[in-house]
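Trainee: Take any residue in the sequence shown, count from 1 to its spot, add 14: that is its number in this note's numbering.
Positions of the beta carbon are idealized from the N, C-alpha and C atoms, including for glycine.
The structure follows.
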Amino acid sequence: MRNPAGQPLEGIIVEAETKTQPPASAFVISGPDGRFTLTLPTAPASDSLLLAARALGYAVQLRRLANRSQPVELKMREEATKLKEVVVQGAPITRQGDTLSYQVGAFANKRDRVISDVLKKMPGIEVASDGQISYEGRPISKFYINGQDLLESRYTLASDNLPADAVQQVQVLENHQPVRALDKLVHPDNAALNIKLKNKVTATGQARLGAGLVPSPPGALWNANVSPMLFTKKQQLIDTYQGNNTGQDVAAELKPLTLADLQQQAESSNQKPDLTHIRGLGQPPVAASRYLFNRVHLLSANHLVTLSKDNQLRVNASYLHDTQTQRGTAQTFYYLPGQPPVTLTEETRNQLSFNTLQTDLAFVKNVKDYYLKNTLSLDGRWDAQTGDVYRAESQTRIAQTARNPFFAATNRLGLVRPISRGRIVQATSLVFYTNSPQRLAVRPGPFAGALTGGAAYDSARQQVRLGSFFTSNSLGLTASRGPWAYSGTVGFSQEIQRLASALDTAPEPAAPGAPLRNDLRWNRGRYYAQPALSYKTDSWNASLEVPVSYYAFTAADAPLGAGQRLRVAVAEPRLSGRHDLGALWYAAAGAGLSNRFGDISQLNYAYLLRDYRTLQRNDAPLPRSVAQSYNAGLYFKNPLKSLFFNASYSLTSTLSNRLYSSQVDASGALTTVALDQDARRLSHTVGSSVSKFVSPWKTNFSLNVSASLSRQPQVLNGTLAQTTNHSGTATFKTSVSAFDWGSLEYNATLTALRSTVDGGAAQPLAVLQDHHAAVSVFPVGRHQASLAADYYASQGPGPAVRAIFADLTYRYTLPTARKIDLEARWSNIFDTRQYQYSYVSQFLLAQTTYQLRPAQVLVSARLSL
15 MRNPAGQPLE GIIVEAETKT QPPASAFVIS GPDGRFTLTL PTAPASDSLL
65 LAARALGYAV QLRRLANRSQ PVELKMREEA TKLKEVVVQG APITRQGDTL
115 SYQVGAFANK RDRVISDVLK KMPGIEVASD GQISYEGRPI SKFYINGQDL
165 LESRYTLASD NLPADAVQQV QVLENHQPVR ALDKLVHPDN AALNIKLKNK
215 VTATGQARLG AGLVPSPPGA LWNANVSPML FTKKQQLIDT YQGNNTGQDV
265 AAELKPLTLA DLQQQAESSN QKPDLTHIRG LGQPPVAASR YLFNRVHLLS
315 ANHLVTLSKD NQLRVNASYL HDTQTQRGTA QTFYYLPGQP PVTLTEETRN
365 QLSFNTLQTD LAFVKNVKDY YLKNTLSLDG RWDAQTGDVY RAESQTRIAQ
415 TARNPFFAAT NRLGLVRPIS RGRIVQATSL VFYTNSPQRL AVRPGPFAGA
465 LTGGAAYDSA RQQVRLGSFF TSNSLGLTAS RGPWAYSGTV GFSQEIQRLA
515 SALDTAPEPA APGAPLRNDL RWNRGRYYAQ PALSYKTDSW NASLEVPVSY
565 YAFTAADAPL GAGQRLRVAV AEPRLSGRHD LGALWYAAAG AGLSNRFGDI
615 SQLNYAYLLR DYRTLQRNDA PLPRSVAQSY NAGLYFKNPL KSLFFNASYS
665 LTSTLSNRLY SSQVDASGAL TTVALDQDAR RLSHTVGSSV SKFVSPWKTN
715 FSLNVSASLS RQPQVLNGTL AQTTNHSGTA TFKTSVSAFD WGSLEYNATL
765 TALRSTVDGG AAQPLAVLQD HHAAVSVFPV GRHQASLAAD YYASQGPGPA
815 VRAIFADLTY RYTLPTARKI DLEARWSNIF DTRQYQYSYV SQFLLAQTTY
865 QLRPAQVLVS ARLSL
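In structure tokens form, the structure reads like this:
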């Protein structure tokens with residue numbers, strides 16, 4: 015084997031093919047001197063053969079020879095070799111230690127614009143309608159972008175606005191400990207999510223501007239979103255302005271979805287209390303864009319700056335102005351023991367106004383040997399509500415007006431520091447002050463029998479103010495030795511509140527013995543010690559906590575001469591464990607005993623008008639419940655096969671010292687009184703989910719099923735009865751992106767509800783169906799057309815209701831360096847105007863018919879920044 019210059023060639027592959035032998039049945043590689051010896055099989059016989067010589071960088075040499083022993087000299091001519099294109103595809107999901115990495119490109123298609131679009135198609139990950147992200151059926155604890163916690167609990171601002179094409183991977187951090195100093199000692203169960211961007215320095219975001227119209231009744235539409243983003247090693251920012259009157263609920267992006275670092279389930283809440291309100295229609299299980307009549311503006315600024323190697327400063331500020339209109343008809347059936355159902359039909363029109371200003375300022379130092387975080391939060395709300403209700407049975411009209419301002423100032427401090435090898439000290443402090451003066455006016459005055467001795471009166475005016483001061487402080491020590499970790503925490507909390515209210519029935523005087531004013535002063539103290547023990551190996555993770563608490567409650571209403579005191583010590587053990595059953599399976603279980611005590615809103619000695627249908631007076635011992643809870647689950651995940659499965663069961667038995675008595679009159683007015691009598695509630699819940707991603711088809715399947723059963727006693731119109739609630743839900747989802755010409759999507763949810771009262775009429779089974787299907791077509795080049803359809807069906811005691819929606823979208827992407835989409839969207843093509851939803855509680859069934867948004871057309875332009 016030689017080149018044209020006569021030099022020997024090494025490494026040339028020589029193959030022989032005969033008439034009776036397949037290609038490459040005999041081959042050899044030339045040696046350093048260019049020589050080769052090729053031996054052919056003797057049978058079956060063939061009189062000739064074809065000799066082929068091949069090598070990269072040389073032209074193929076072919077020579078036909080007689081099939082006999084002979085010397086052959088071949089000369090190879092140099093020639094460029096064209097290689098066939100080879101595409102190497104990595105696995106869509108990979109695992110390294112406790113980190114699962116989802117390759118965004120494996121799940122995204124041409125229709126996806128923001129990262130939440132892609133998250134919904136990843137197996138094992140679920141995105142709820144409010145934006146909350148779950149993994150293996152449990153909410154995530156953190157949402158990072160390039161390892162930084164810019165938004166903390168309000169991560170929907172990022173997931174709904176961060177362009178998907180800027181993201182390389184979505185990483186699931188299992189058993190993630192956000193405090194680095196506790197990383198080897200405390201092992202949480204929940205996972206965190208990290209969004210890994212393609213570039214270390216990323217300037218991205220989106221800008222969208224749209225305008226449109228509603229043909230009937232005629233009206234103008236507008237939609238705007240400007241959301242610049244910057245992510246570098248030294249700083250991160252997400253700023254946004256969003257506004258629309260198209261039904262897009264941007265206020266949901268401010269909803270907190272996770273707990274703060276080192277925060278336990280709150281003993282006291284710094285959230286706005288719901289003391290009085292107008293009677294709302296609730297929210298149906300359909301997309302907000304179907305039923306939300308709004309006019310909203312949202313302005314938010316979120317900045318994280320690295321001050322030095324270890325120190326960070328974070329500022330999150332937002333302002334929301336949202337005006338909403340609700341219209342619908344509600345039919346409520348009260349199922350009472352020994353008597354026919356009471357039916358109440360109401361037509362409602364509500365006007366809601368929300369004004370919210372929120373600011374967080376946080377300093378963070380989070381390194382292996384030190385953790386310090388201090389967060390100052392201010393929250394101001396100025397909400398107002400007006401409502402008009404028409405009752406068909408009595409042919410009366412009720413007017414309502416409510417004002418619900420709220421202010422809160424909160425400071426949260428957390429400190430973790432090692433004091434020696436294997437020993438860490440931890441300190442936390444929480445302080446907040448809240449104030450909420452609220453007013454409600456109802457015309458004509460309700461509950462005349464209880465408030466004015468049966469005399470009709472013009473209007474009821476309820477004023478109530480709740481002021482709160484709360485502090486919680488703790489100090490803990492953690493030590494470890496081998497797989498064991500020991501910790502002990504001591505702490506105290508103090509809550510001081512005052513509830514002042516006045517109910518005015520002028521010009522009619524109050525009935526004798528009907529107290530209408532509260533001046534309740536409340537003081538609650540908790541002093542506790544919490545020892546804990548944990549064990550962690552490669553296959554086991556178990557923990558035992560035994561907090562022992564001493565509670566001191568004092569409640570006094572001096573003008574009414576009423577009050578009570580409670581001193582009690584309780585132990586609340588909690589045990590949890592997890593065992594890996596191999597590389598793919600693990601089992602988890604837990605059990606616990608907890609005590610829950612009521613708050614000041616459940617202890618009013620005088621009447622409090624919550625809304626025009628609810629009058630409450632809680633002249634009873636302080637609510638207390640003792641709950642025993644048990645849970646178990648089995649989990650499977652195979653990242654290489656993109657297959658996830660889990661099944662779980664939970665049982666809760668709750669013993670309460672209060673039994674609630676509800677009195678429903680013929681008009682549907684509800685009076686609730688707390689009785690000093692024990693009541694036990696039993697609840698069972700079972701659920702399972704499976705999801706699978708088929709990589710060659712770019713198809714994701716998921717199925718979730720759940721069922722629950724609960725029983726509890728209730729006094730209804732003077733009769734003690736057991737009430738039972740049954741519910742079951744099955745949800746199937748699939749998305750297919752395997753085709754060059756388009757993509758498919760289908761979701762279906764089936765829900766069944768029933769509530770029964772022993773000795774009373776059984777409620778009919780309420781069945782709800784929700785189907786969503788969408789097809790996107792990419793006909794040529796940069797054009798895209800999408801057709802989506804929703805089908806809802808509701809069956810209950812009333813006539814069956816069905817609703818069909820269809821939306822058509824056309825999108826063209828301009829051939830520019832920055833992606834610019836021009837889009838036209840026709841929503842609710844069939845102009846469906848109503849939808850009915852059923853709600854089941856212990857002794858009532860409410861069927862609400864909502865007025866929906868009419869057909870509308872919106873034209874918009876979207877620019878990737």
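Alpha carbon to alpha carbon, what distance is there between Gln338 and His311?
Mentor: As a first step, residue 311 must be located in the sequence shown, where it is residue number 297. As a first step, residue 338 must be located in the sequence shown, where it is residue number 324. Roughly 12 Å between the two C-alpha positions.
Trainee: Between the beta-carbon of Asn660 and the beta-carbon of Glu150, is there less than 7 Å?
Mentor: Looking up residue 660 in the sequence shown gives position 646. Looking up residue 150 in the sequence shown gives position 136. Yes, they are a contact pair.
Trainee: Quick one: give me the first and last residue of the alpha helix (DSSP H) that Ala142 is part of.
Mentor: On the sequence shown, position 128 is the one that residue 142 refers to. That residue, Ala142, is in no alpha helix (DSSP H); it is neither H nor E in DSSP.
Trainee: Looking only at its chain, what residues have a beta carbon closer than 6 Å to the beta carbon of Thr246, apart from the 5 residues adjacent to it on each side?
Mentor: Along the sequence shown, one-based indexing puts residue 246 at 232. Excluding positions up to five away in sequence, the list reads Val215.
Trainee: Assign Gln340 to buried or exposed, taking buried as 16 or more other Cβ atoms, counted over all protein chains shown, within 10 Å of its Cβ.
Mentor: To locate residue 340, count along the sequence shown from 1; it is residue 326. Looking at its Cβ environment, which holds 16 or more other Cβ atoms inside 10 Å, Gln340 is buried.
Trainee: Nearest CA to the CA of Val5: which residue from Gly296, Ala344, Leu65 and Ile433?
Mentor: Missing from the structure shown is residue 5; the chain here goes from 15 to 879 and no further.
Trainee: The beta strand (DSSP E) that contains Ala441, what's its start and end?
Mentor: For this step, residue 441 is matched to residue 427 along the sequence shown. Its beta strand (DSSP E) spans residues Arg437 to Arg457.
Trainee: Locate the beta strand (DSSP E) running through Phe121, then write down its first and last residues.
Mentor: Residue mapping note: residue 121 aligns to position 107 of the sequence shown, counting from 1. Phe121 -> not in any beta strand (DSSP E); alpha helix (DSSP H) instead, spanning Val118 to Phe121.
Trainee: Less than 7 Å between the C-beta atoms of Arg91 and Ala120, yes or no?
Mentor: One-based indexing of the sequence shown puts residue 91 at position 77. One-based indexing of the sequence shown puts residue 120 at position 106. No, these two residues do not count as a Cβ contact at 7 Å.
Trainee: Round the Cβ separation of Lys286 and Ser548 to the nearest angstrom and send it over; I've been treating them as touching at under 8 Å.
Mentor: Sequence index remark: in the sequence shown, residue 286 carries index 272 (1-based). Sequence index remark: in the sequence shown, residue 548 carries index 534 (1-based). Not a contact, Cβ separation roughly 37 Å.
Trainee: Which residues mark the beginning and the end of the alpha helix (DSSP H) in which Arg304 is found?
Mentor: Here residue 304 refers to the residue found at position 290 of the sequence shown. Arg304 -> alpha helix (DSSP H) spans Ala302 to Tyr305.
Trainee: Is Gly219 buried or exposed, if buried means 16 or more other CB atoms sit within 10 Å of its CB?
Mentor: Here residue 219 refers to the residue found at position 205 of the sequence shown. Label assigned to Gly219: buried.
Trainee: Give the DSSP bridge partners of Gly342, in chain order.
Mentor: Here residue 342 refers to the residue found at position 328 of the sequence shown. Answer is Thr362 and Tyr864.
Trainee: Could you tell me which whole alpha helix (DSSP H) segments of length 4 or greater appear in the stretch 194-270?
Mentor: Listed in chain order, nothing qualifies, since the stretch 194-270 has no complete alpha helix (DSSP H) run of 4 or more residues.
Trainee: Please state whether the Cβ-Cβ distance between Gln508 and Thr485 is less than 7 Å.
Mentor: On the sequence shown, residue 508 is found 494 positions in, with the first residue counted as 1. On the sequence shown, residue 485 is found 471 positions in, with the first residue counted as 1. A contact, by the Cβ cut-off of 7 Å.
Trainee: Just tell me which of Ala762, Leu429, Ala693 and Ser675 has its CA closest to the CA of Gly732.
Mentor: Here residue 732 refers to the residue found at position 718 of the sequence shown. Looking at the Cα atoms, Ser675 is the closest of the given residues.
Trainee: Please state whether the Cβ-Cβ distance between Val686 and Phe715 is less than 7 Å.
Mentor: Taking the first residue of the sequence shown as 1, we reach residue 686 at position 672. Taking the first residue of the sequence shown as 1, we reach residue 715 at position 701. Here the sequence assigns Thr to residue 686, which means Val is not the residue at that position. Against a cut-off of 7 Å, the Cβ pair of Phe715 and Thr686 comes out as no contact.
Trainee: Taking just the CA atoms, how far does Pro653 sit from Gly701?
Mentor: Walking along the sequence shown from the start, residue 701 turns up at place 687. Walking along the sequence shown from the start, residue 653 turns up at place 639. Answer to the nearest angstrom: the Cα atoms are 22 Å apart.
Trainee: Which of the three DSSP states is assigned to Pro829 in this structure?
Mentor: Your numbering for residue 829 matches position 815 in the sequence shown. The answer is coil: DSSP assigns Pro829 none of H, G, I, E or B.
Trainee: By a C-beta neighbour count over all protein chains shown, 10 Å radius and 16 as the cutoff for buried, is Glu407 buried or exposed?
Mentor: Position 393 of the sequence shown, counted from the first residue, corresponds to residue 407. Exposed, since its Cβ has fewer than 16 Cβ neighbours within 10 Å.
Trainee: So Ser751 and Lys712 are supposed to be a Cβ contact under 8 Å. How far apart are they, rounded?
Mentor: Here residue 751 refers to the residue found at position 737 of the sequence shown. Here residue 712 refers to the residue found at position 698 of the sequence shown. Yes, Ser751 and Lys712 are in contact; Cβ-Cβ is about 4 Å, under 8 Å.
Trainee: With the cut-off set at 7 Å, would you say Leu513 and Leu491 are in Cβ contact?
Mentor: Position 499 of the sequence shown, counted from the start, is the residue given in the question as residue 513. Position 477 of the sequence shown, counted from the start, is the residue given in the question as residue 491. No. Outside cutoff.
Trainee: Just checking my contact of Asp336 with Asn380 at CB under 8 Å: how many whole Å lie between their CB atoms?
Mentor: Against the sequence shown, residue 336 aligns to sequence position 322. Against the sequence shown, residue 380 aligns to sequence position 366. Rounded, the Cβ-Cβ distance is 35 Å, inconsistent with contact.
Trainee: Is it the case that the Cβ atoms of Leu673 and Leu689 are separated by a distance below 7 Å?
Mentor: Mapped onto the sequence shown, residue 673 falls at position 659. Mapped onto the sequence shown, residue 689 falls at position 675. It is a contact, given that the beta carbons lie within the stated cut-off.
Trainee: Taking only the alpha-carbon atoms, compute the straight-line gap between Thr29 and Phe753 and give it to the nearest angstrom.
Mentor: For the purposes of this step, residue 29 is taken as residue 15 along the sequence shown, with counting starting at 1. For the purposes of this step, residue 753 is taken as residue 739 along the sequence shown, with counting starting at 1. Checking the sequence shown, residue 29 turns out to be Glu, not Thr. Roughly 41 Å separates the two Cα atoms.
Trainee: Helix, strand or coil for Val504, going by three-state DSSP, please let me know.
Mentor: As a working note, residue 504 is residue 490 in the sequence shown. The answer is strand: DSSP assigns Val504 an E or B state.
Trainee: Output the boundary residues of the alpha helix (DSSP H) element that contains Gly463.
Mentor: The sequence position of residue 463 within the sequence shown is 449, counting from 1. Taken as a continuous stretch (DSSP letters only), the alpha helix (DSSP H) holding Gly463 covers Ala462 to Leu465.
Trainee: Among the candidates Ala178, Glu188 and Phe506, whose CA atom is the shortest distance from the CA of Gly111?
Mentor: Stepping through the sequence shown from its first residue, residue 111 is reached at position 97. When only C-alpha atoms are compared, the closest one is Glu188.
Trainee: May I have the straight-line CA-CA distance separating Ala67 from Lys655, to the nearest angstrom?
Mentor: Mapped onto the sequence shown, residue 67 falls at position 53. Mapped onto the sequence shown, residue 655 falls at position 641. Their backbone Cα atoms lie some 42 Å apart in a straight line.
Trainee: Kindly indicate which residue of Leu227, Ala225, Asp203 and Leu321 has the alpha-carbon position closest to the one of Gln9.
Mentor: Because residue 9 is not part of the residues shown, which for the chain are 15 to 879, the question remains open.
Trainee: Please give the ranges of any beta strand (DSSP E) in the stretch 48-110, keeping only runs that are unbroken, at least 3 residues long and fully inside the region.
Mentor: Whole beta strand (DSSP E) segments, 3+ residues: 62-68, 75-80 and 107-110.
Trainee: Quick one: Cα of Ser557 to Cα of Val708, how far?
Mentor: The sequence position of residue 557 within the sequence shown is 543, counting from 1. The sequence position of residue 708 within the sequence shown is 694, counting from 1. If you take the alpha carbons of Ser557 and Val708, they lie about 37 Å apart.
Trainee: Nearest by alpha-carbon distance to Tyr565: which of Ala576, Ala546 and Tyr541 is it?
Mentor: Sequence index remark: in the sequence shown, residue 565 carries index 551 (1-based). When only C-alpha atoms are compared, the closest one is Tyr541.
Trainee: Please specify which runs of the beta strand (DSSP E), each continuous and at least 3 residues long, are wholly inside the stretch 652-693, giving them in chain order.
Mentor: For the stretch 652-693, whole beta strand (DSSP E) runs of length 3 or above, ordered along the chain, are 657-678.
Trainee: Among Leu70, Gly795 and Arg479, whose alpha-carbon lies nearest the alpha-carbon of Lys96?
Mentor: Here residue 96 refers to the residue found at position 82 of the sequence shown. Measuring from the Cα of Lys96, the nearest candidate turns out to be Leu70.
Trainee: In whole angstroms, what is the alpha-carbon distance linking Glu759 and Ala787?
Mentor: As a position in the sequence shown, residue 759 is number 745, starting the count at 1. As a position in the sequence shown, residue 787 is number 773, starting the count at 1. Glu759 and Ala787: Cα-Cα distance of roughly 6 Å.
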